[in-house]
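Residue numbers (full-length UniProt numbering), protein chains in the order written: chain H, 1 to 337; chain Y, 1 to 337.
For reference, the structure discussed in these notes is given below.
2 protein chains.
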Amino acid sequence: MVTLAEVAQHAGVSASTVSYVLSGKRSISAGTRQRVERSIQELGYHPNAGARALASSRSNIIALMVPLRRDMYVPVMMEIAIAVATSARAHGYDVLLLTGEEGPDAVRRVTGSGLADAMILMDVELDDERLPLLRQTDRPSVLIGLPTDTTGLTCVDLDFSATGALCVEHLAALGHRDIAVIGEAPAVYERHTGFAERTLDGLRSRSRELGLRVLHRPCEGGYDAMALTLARIFDERPGTTGFVVQNENAVEPLLALLRQQGRAVPEDVSVVAVCPDQVATQASVRLTAVSIPAQEMGRRAVEHLVAKLEGHGDEEIVLLAPRLTVRASSGPAPSGS
Amino acid sequence: MVTLAEVAQHAGVSASTVSYVLSGKRSISAGTRQRVERSIQELGYHPNAGARALASSRSNIIALMVPLRRDMYVPVMMEIAIAVATSARAHGYDVLLLTGEEGPDAVRRVTGSGLADAMILMDVELDDERLPLLRQTDRPSVLIGLPTDTTGLTCVDLDFSATGALCVEHLAALGHRDIAVIGEAPAVYERHTGFAERTLDGLRSRSRELGLRVLHRPCEGGYDAMALTLARIFDERPGTTGFVVQNENAVEPLLALLRQQGRAVPEDVSVVAVCPDQVATQASVRLTAVSIPAQEMGRRAVEHLVAKLEGHGDEEIVLLAPRLTVRASSGPAPSGS
DNA sequence: CGCCACTGTCGAAGCGCTTCGACACGTCTT
DNA sequence: AAGACGTGTCGAAGCGCTTCGACAGTGGCG
Numbered sequence: 001m002v003t004l005a006e007v008a009q010h011a012g013v014s015a016s017t018v019s020y021v022l023s024g025k026r027s028i029s030a031g032t033r034q035r036v037e038r039s040i041q042e043l044g045y046h047p048n049a050g051a052r053a054l055a056s057s058r059s060n061i062i063a064l065m066v067p068l069r070r071d072m073y074v075p076v077m078m079e080i081a082i083a084v085a086t087s088a089r090a091h092g093y094d095v096l097l098l099t100g101e102e103g104p105d106a107v108r109r110v111t112g113s114g115l116a117d118a119m120i121l122m123d124v125e126l127d128d129e130r131l132p133l134l135r136q137t138d139r140p141s142v143l144i145g146l147p148t149d150t151t152g153l154t155c156v157d158l159d160f161s162a163t164g165a166l167c168v169e170h171l172a173a174l175g176h177r178d179i180a181v182i183g184e185a186p187a188v189y190e191r192h193t194g195f196a197e198r199t200l201d202g203l204r205s206r207s208r209e210l211g212l213r214v215l216h217r218p219c220e221g222g223y224d225a226m227a228l229t230l231a232r233i234f235d236e237r238p239g240t241t242g243f244v245v246q247n248e249n250a251v252e253p254l255l256a257l258l259r260q261q262g263r264a265v266p267e268d269v270s271v272v273a274v275c276p277d278q279v280a281t282q283a284s285v286r287l288t289a290v291s292i293p294a295q296e297m298g299r300r301a302v303e304h305l306v307a308k309l310e311g312h313g314d315e316e317i318v319l320l321a322p323r324l325t326v327r328a329s330s331g332p333a334p335s336g337s
Numbered sequence: 001m002v003t004l005a006e007v008a009q010h011a012g013v014s015a016s017t018v019s020y021v022l023s024g025k026r027s028i029s030a031g032t033r034q035r036v037e038r039s040i041q042e043l044g045y046h047p048n049a050g051a052r053a054l055a056s057s058r059s060n061i062i063a064l065m066v067p068l069r070r071d072m073y074v075p076v077m078m079e080i081a082i083a084v085a086t087s088a089r090a091h092g093y094d095v096l097l098l099t100g101e102e103g104p105d106a107v108r109r110v111t112g113s114g115l116a117d118a119m120i121l122m123d124v125e126l127d128d129e130r131l132p133l134l135r136q137t138d139r140p141s142v143l144i145g146l147p148t149d150t151t152g153l154t155c156v157d158l159d160f161s162a163t164g165a166l167c168v169e170h171l172a173a174l175g176h177r178d179i180a181v182i183g184e185a186p187a188v189y190e191r192h193t194g195f196a197e198r199t200l201d202g203l204r205s206r207s208r209e210l211g212l213r214v215l216h217r218p219c220e221g222g223y224d225a226m227a228l229t230l231a232r233i234f235d236e237r238p239g240t241t242g243f244v245v246q247n248e249n250a251v252e253p254l255l256a257l258l259r260q261q262g263r264a265v266p267e268d269v270s271v272v273a274v275c276p277d278q279v280a281t282q283a284s285v286r287l288t289a290v291s292i293p294a295q296e297m298g299r300r301a302v303e304h305l306v307a308k309l310e311g312h313g314d315e316e317i318v319l320l321a322p323r324l325t326v327r328a329s330s331g332p333a334p335s336g337s
């Protein structure tokens, strides 16, 4: 291991000078700087992370807490995680991966030990038990998601309420009157993960304004569950012509089942999805959908965090505006209805 | 921030005693230990990670390098990553998330700075440019995947060669003679990611022994690509009755297209997949499949790494034996053929 | 009864870096 | 020409922990 002192000696300067060359916190003459940089190169010097963290009380690490659940929206989570890692690196930070499993203890551990300078939490529940800790600590944090009480917190999320509204507006404009919503698995609602409920709220209140009828059914993914759900929907509301799907694992089963039942998409039935673009374009029918901007969410979260770490921080709720892309799965309501 | 010294004072012992209570590296009388532990509790002490790393030259962090690509086998990657994080915690380590993007530089950075004690690399290519660095450094590492030259390396992977063989054996036993293999996207082969080629090798050589004919076609995911691929397969080999699919994004399109063409699964055509269990059970036909034991791979990688870090390490190639689960997508070849 | 080995505790020396104040110059002002 | 200032560099003091050697005290043994 090459140390700072060795570099200093090799370059004929003091250790502090090398440190200042590295950090840029004091001005250094061009000549000295070059000499030091050459020595660093030649010796293959890498600053020791531990020593640096100890001396500066900064680890240059951001902790990212991802949900452990393997049962839902995995690609979105993965995409966010990768976006976080990539943006963090671009700002000179590394990312520590924590699983949701550890819960509040992980927050305590990481902030207490100075392992990370800041945290990003994903999969935030409406009344998340980690939030009180975040409010107490003076380490910056950003949530991806939107809890009920946001005082003192910074959040980044898609505006799911507007998303729900946007979906029904689209269907309403096409003349659909009876809408069915295929939601996430029941467990997601029971956990009070905000985004599912917010979508529903936005969707319902806009529907009321537009005079649409809405039937909401949570649904585990897969064919069997979807078949059951679909049967019950048409049982209860035979006139249903519009579907809003917010469950990646239900998208393909729904399309297959509709096809099987002789209901053509989009001639007889329109489908609007809330999902990542990739899912929308790879489905058997190219889906009209509000895309979940996973990458942007990750990027924005990091940018806010870095801003806070550098002092020019701001408590803020960032709700990304949803964008609906019309593709092949939605069309005018059949005139008969 | 509460420090070790403060705990020591509060408990009426020296700092080193507190340290030994924490690490267990020297024996401490029951009375003293309890007093110290109570002080730790009362003061809410958390050891400073940086100081610890500096003094002990151990960060208790394992770096995990995940592929940046968002185009393939995402759920598998995610599952491995989560399994790594969970197992690592169980052994007292945290996980640093690196993206493949940074390439060899990340390896240099992390090992050089002592940020992590060891690394796990995913998505290893046959002739990966990170390997020379790993061989040079004295920090332990484990690959998930299998490069061409494994000297001096520890690898954990599914035995994809045996996997390929197992798939055709199953089909052969059912009387199928003409097999088509739907592979990963062409890019995966071009990158020389070992697993795809190894599956193919195992599959081909066993087919030769069993007297089967094999047609291999890489395939991007999605319906359009799959439709094209499928048409060409039946064009070239109209008698094809067995499919082996190693591409999550092609599974559902394949099933849908077969259905659409009036080919019943498993009566007319059998399908064997190589995919995680979840995909196999959630598909529109419950798939006969060799499952990819993502969790076990992650767990085993961590266990090997920890063993190395604790000294009783061993260079070793761990190839997990594939297991084929028969479900509803495979059956006897149609007698006509 | 005295010696040895063991057990439990302490003090001190770092680990490699950052950062503060000091200081020696050279430059600009009056 | 003398003071005021700015610039570039250095030395030293930690940051909070681990770990080594030292050393009392205790008990077992011959």
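Ideal Cβ placement from N, Cα and C applies to all residues, glycine included.
Considering just the uninterrupted stretch of the alpha helix (DSSP H) at residue i, what are its terminal residues?
{"i": "V168 of chain H", "result": "F160 to A173"}
{"i": "A53 of chain Y", "result": "A49 to S56"}
{"i": "I28 of chain Y", "result": "Per DSSP, I28 of chain Y belongs to no alpha helix (DSSP H) and is neither H nor E."}
{"i": "E245 of chain Y", "result": "Reading off the sequence shown, one finds Val at residue 245 of chain Y, where the question assumed Glu. Unbroken run through V245 of chain Y is the beta strand (DSSP E), G242 to V245; no alpha helix (DSSP H)."}
{"i": "A85 of chain H", "result": "V74 to A90"}
{"i": "D235 of chain Y", "result": "Y223 to E236"}
{"i": "T281 of chain H", "result": "D277 to Q282"}
{"i": "P132 of chain Y", "result": "L131 to Q136"}
What residue from the options has the CA that sits closest to residue i's CA?
{"i": "A172 of chain Y", "options": "Y:P186, Y:R204 and Y:Q136", "result": "Y:R204"}
{"i": "E190 of chain H", "options": "H:L134, H:L143, H:G152 and H:D127", "result": "H:D127"}
{"i": "G112 of chain Y", "options": "Y:E303, Y:T137, Y:L96 and Y:M122", "result": "Y:T137"}
{"i": "P132 of chain Y", "options": "Y:P104, Y:P140, Y:G175 and Y:M119", "result": "Y:P104"}
{"i": "A165 of chain Y", "options": "Y:G202, Y:A187 and Y:E267", "result": "Y:G202"}
{"i": "L98 of chain H", "options": "Y:S207, Y:A81 and Y:V181", "result": "Y:A81"}
{"i": "L319 of chain H", "options": "H:A162, H:R177, H:V269 and H:S27", "result": "H:A162"}
{"i": "V244 of chain H", "options": "H:S19, H:G222 and H:R217", "result": "H:R217"}
{"i": "L258 of chain H", "options": "H:V271, H:G152 and H:N247", "result": "H:V271"}
{"i": "L230 of chain Y", "options": "Y:A180, Y:G24 and Y:G92", "result": "Y:A180"}
{"i": "Q246 of chain Y", "options": "Y:A256, Y:G12, Y:T32 and Y:P276", "result": "Y:P276"}
{"i": "L215 of chain H", "options": "H:Y45, H:A116, H:R237 and H:Y223", "result": "H:R237"}
{"i": "I61 of chain H", "options": "Y:S56, Y:A88, Y:M77 and Y:G50", "result": "Y:G50"}
{"i": "T193 of chain Y", "options": "Y:L143, Y:R33 and Y:L22", "result": "Y:L143"}
{"i": "E209 of chain H", "options": "H:I182, H:H304 and H:V168", "result": "H:V168"}
Rounded to whole angstroms, what's the CA-CA distance from residue i to residue j? Just pull it up for me.
{"i": "E101 of chain Y", "j": "L68 of chain Y", "result": "6 Å"}
{"i": "A63 of chain Y", "j": "S335 of chain Y", "result": "54 Å"}
{"i": "A90 of chain Y", "j": "S141 of chain H", "result": "25 Å"}
{"i": "L174 of chain H", "j": "V279 of chain H", "result": "23 Å"}
{"i": "Q282 of chain Y", "j": "C219 of chain H", "result": "13 Å"}
{"i": "M226 of chain Y", "j": "A196 of chain H", "result": "33 Å"}
{"i": "A30 of chain H", "j": "A8 of chain H", "result": "16 Å"}
{"i": "V306 of chain Y", "j": "F234 of chain Y", "result": "50 Å"}
{"i": "L153 of chain Y", "j": "E316 of chain Y", "result": "7 Å"}
{"i": "L54 of chain Y", "j": "T17 of chain H", "result": "21 Å"}
{"i": "M65 of chain Y", "j": "G211 of chain H", "result": "52 Å"}
{"i": "R130 of chain Y", "j": "V110 of chain Y", "result": "13 Å"}
{"i": "S330 of chain Y", "j": "V265 of chain Y", "result": "7 Å"}
{"i": "S322 of chain Y", "j": "V326 of chain H", "result": "Correcting the residue type first, residue 322 of chain Y is Pro in the shown sequence and not Ser. Taking the straight line joining both Cα atoms gives about 43 Å."}
{"i": "H312 of chain H", "j": "R58 of chain H", "result": "17 Å"}
{"i": "A106 of chain Y", "j": "V76 of chain Y", "result": "23 Å"}
Could you check how far apart the C-beta atoms of residue i and residue j are, in whole angstroms? I think they sit under 8 Å.
{"i": "R286 of chain H", "j": "A328 of chain H", "result": "4 Å"}
{"i": "G298 of chain H", "j": "V124 of chain H", "result": "With 8 Å as the limit, G298 of chain H and V124 of chain H do not qualify as a contact, their Cβ atoms being about 14 Å apart."}
{"i": "A294 of chain H", "j": "A273 of chain H", "result": "Not quite, the Cβ-Cβ distance comes to about 15 Å (not below 8 Å), so this is no contact."}
{"i": "A118 of chain H", "j": "R135 of chain H", "result": "Going by Cβ atoms, the distance from A118 of chain H to R135 of chain H rounds to 14 Å, so no, they are not a contact pair."}
{"i": "L255 of chain H", "j": "S291 of chain H", "result": "About 18 Å; that fails the 8 Å criterion."}
Is residue i near the ligand ADP, in the sense that its beta carbon is under 7 Å from a heavy atom of that ligand?
{"i": "L305 of chain H", "result": "No copy of the ligand ADP occurs in the structure displayed, which carries no ligand at all."}
Starting from residue i, follow its DSSP beta bridges and name the residues at the other end.
{"i": "D157 of chain H", "result": "H:L319"}
{"i": "F195 of chain Y", "result": "Its beta-bridge partners do not exist; DSSP assigns none."}
{"i": "L64 of chain H", "result": "H:L97 and H:I120"}
{"i": "V272 of chain Y", "result": "Y:V244 and Y:T288"}
From which residue to which residue does the beta strand (DSSP E) around residue i run?
{"i": "I179 of chain Y", "result": "D178 to G183"}
{"i": "P218 of chain H", "result": "R213 to P218"}
{"i": "V142 of chain H", "result": "S141 to I144"}
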